[in-house]
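> The structure is given below, and queries will be raised subsequently.
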Amino acid sequence: MTQQPDQPIAPAPREIPAGWYPDPEGKPQSRYWDGDSWTDQLGPLLPPAPAQPVPAAPSLAAAFAPVALDADGMPVSDRSRLAAALLCFFVGVLGVHRFYVGKVGTGILQLVTFGGLGIWALIDLILILVGTFRDKQERLLVNW
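One gets this note's numbering by counting positions in the sequence shown from 1 and adding 13 to each.
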């Protein structure tokens with residue numbers, strides 16, 4: 014079949030059709046694979062598939078960037094979570110971490126009861142480390 018001058022030329026396919034592969038003999042052409050064997054059908058050399066961009070991994074610095082709002086859209090505490098965790102770990106039985114976040118009343122209770130005999134201070138340490146501890150204004154301690 015010959016092509017008439019008024020008929021447009023079909024553009025090359027943008028995607029490689031199913032079954033068409035580069036010639037196994039290394040010739041500059043493509044050959045059809047029917048699922049069992051190579052056929053005698055030949056075609057032009059197909060362009061390689063476009064490379065998909067690889068998404069960049071988030072940087073470690075992004076994990077420690079200061080956060081202004083929590084998941085619910087509420088403002089977070091301006092107090093450091095790391096400082097509260099260290100205070101709770103080393104002098105938690107004295108309630109110093111509660112004084113640090115502004116909870117003076119419960120800080121005095123922890124001071125008098127030696128951190129609830131250590132149990133209350135241990136629970137506070139766990140809450141600080143998992144990010145659910147709150148300051149006096151009920152704002153989460155999120156930023157390290």
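Where is the CB? At the ideal position from N, CA and C, for every residue including glycine. Keep in mind that this is a model prediction, so the values were computed, not measured.
Within a Cβ cutoff of 7 Å, which residues of the same chain sit near glycine 105, ignoring the five residues on either side of it in sequence?
Within the sequence shown, the letter at position 92 stands for residue 105. Excluding positions up to five away in sequence, the list reads Gly128, Ala134, Asp137 and Leu138.
> Would you please state the rounded distance, in angstroms, between the beta carbons of leucine 99 and glutamine 123? I believe it to be under 8 Å.
Within the sequence shown, residue 99 is the residue found at index 86, counting from 1. Within the sequence shown, residue 123 is the residue found at index 110, counting from 1. With 8 Å as the limit, leucine 99 and glutamine 123 do not qualify as a contact, their Cβ atoms being about 16 Å apart.
> What are the partner residues of glycine 56, as DSSP defines its beta bridges?
Translated into the one-based positions of the sequence shown, residue 56 becomes position 43. Ser43, per the DSSP bridge assignment.
> So the beta strand (DSSP E) tryptophan 157 belongs to, where does it begin and stop?
Looking up residue 157 in the sequence shown gives position 144. Counting along the chain, tryptophan 157 falls outside any beta strand (DSSP E), and DSSP gives it neither H nor E.
> To the nearest angstrom, how far is it from the Cα of phenylalanine 146 to the Cα of glutamine 65?
Looking up residue 146 in the sequence shown gives position 133. Looking up residue 65 in the sequence shown gives position 52. Cα to Cα, the separation comes out at about 43 Å.
> Taking just the CA atoms, how far does valine 67 sit from serine 93?
Counting from one through the sequence shown, the residue named residue 93 turns up at place 80. Counting from one through the sequence shown, the residue named residue 67 turns up at place 54. Straight-line Cα distance between these residues: approximately 35 Å.
> May I ask you to report which of helix, strand or coil DSSP gives arginine 111?
By 1-based counting over the sequence shown, the position of residue 111 is 98. Of the three classes helix, strand and coil, the one that applies to arginine 111 here is helix, per DSSP.
> DSSP state of arginine 147, grouped into three classes?
The sequence position of residue 147 within the sequence shown is 134, counting from 1. DSSP places arginine 147 in strand when its eight states are reduced to three.
> According to the Cβ coordinates, are valine 114 and alanine 97 closer than 8 Å?
Here residue 114 refers to the residue found at position 101 when the sequence shown is read from its first residue. Here residue 97 refers to the residue found at position 84 when the sequence shown is read from its first residue. Going by C-beta atoms, valine 114 is nearer than 8 Å to alanine 97.
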